[in-house]
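Mind the numbering: the sequence shown is residues 3 to 79 in the numbering used here, read in order. Ideal Cβ placement from N, Cα and C applies to all residues, glycine included.
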Amino acid sequence: NPRSKGAQIALMAQQFLHVPYAWAGSSPGGFDCSGFIYYLYGQQGITVPRMADAQYQTGQRVEGNDLQLGDLVFFET
Numbered sequence: 003n004p005r006s007k008g009a010q011i012a013l014m015a016q017q018f019l020h021v022p023y024a025w026a027g028s029s030p031g032g033f034d035c036s037g038f039i040y041y042l043y044g045q046q047g048i049t050v051p052r053m054a055d056a057q058y059q060t061g062q063r064v065e066g067n068d069l070q071l072g073d074l075v076f077f078e079t
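Encoded structure:
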């Protein structure tokens with residue numbers, strides 16, 4: 003169930019709030035932004051690309067009102 007997986011990912015993410023930032027990190031020893039997503043989703047059996055730009059390209063657009071727990075949000079800068 004995608005909704006329960008999203009909730010599990012959100013709960014798991016809270017365990018790592020105090021893990022330090024680490025350039026190119028993708029493990030509990032240290033994460034960068036995309037490495038954190040890569041790790042969390044991987045723990046739930048969901049394959050996502052390692053790099054943020056590839057994560058963005060792989061996803062599908064969802065309107066703000068349709069966002070669900072566990073969805074990724076990207077900003078254009």
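Close-in-space but distant-in-sequence residues of the same chain around residue i (CB under 7 Å, 5 per side omitted)
| i | result |
| --- | --- |
| Y41 | S28, S29 and F33 |
Integer Cβ distance of residue i from residue j, believed to fall under 8 Å
| i | j | result |
| --- | --- | --- |
| R5 | L69 | No, R5 and L69 are not in contact; Cβ-Cβ is about 12 Å, not under 8 Å. |
| C35 | A54 | 6 Å |
| I48 | K7 | 7 Å |
| R10 | Q46 | It is worth fixing the name first, because residue 10 is Gln in this sequence and not Arg. Yes, Q10 and Q46 are in contact; Cβ-Cβ is about 6 Å, under 8 Å. |
Chain-order list of residues whose beta-carbon lies under 8 Å from that of residue i (same chain, five-residue window excluded)
| i | result |
| --- | --- |
| G61 | L74 and F76 |
Extent of the continuous alpha helix (DSSP H) run through residue i
| i | result |
| --- | --- |
| Q57 | A54 to T60 |
| I48 | Neither: I48 is in no alpha helix (DSSP H) and is coded neither H nor E. |
Exposure of residue i, with buried meaning 16 or more beta-carbon neighbours within 10 Å
| i | result |
| --- | --- |
| G66 | exposed |
| G37 | buried |
Any non-hydrogen atom of the ligand SAH within 7 Å of residue i CB
| i | result |
| --- | --- |
| G44 | No copy of the ligand SAH appears in this structure; indeed no ligand is present at all. |
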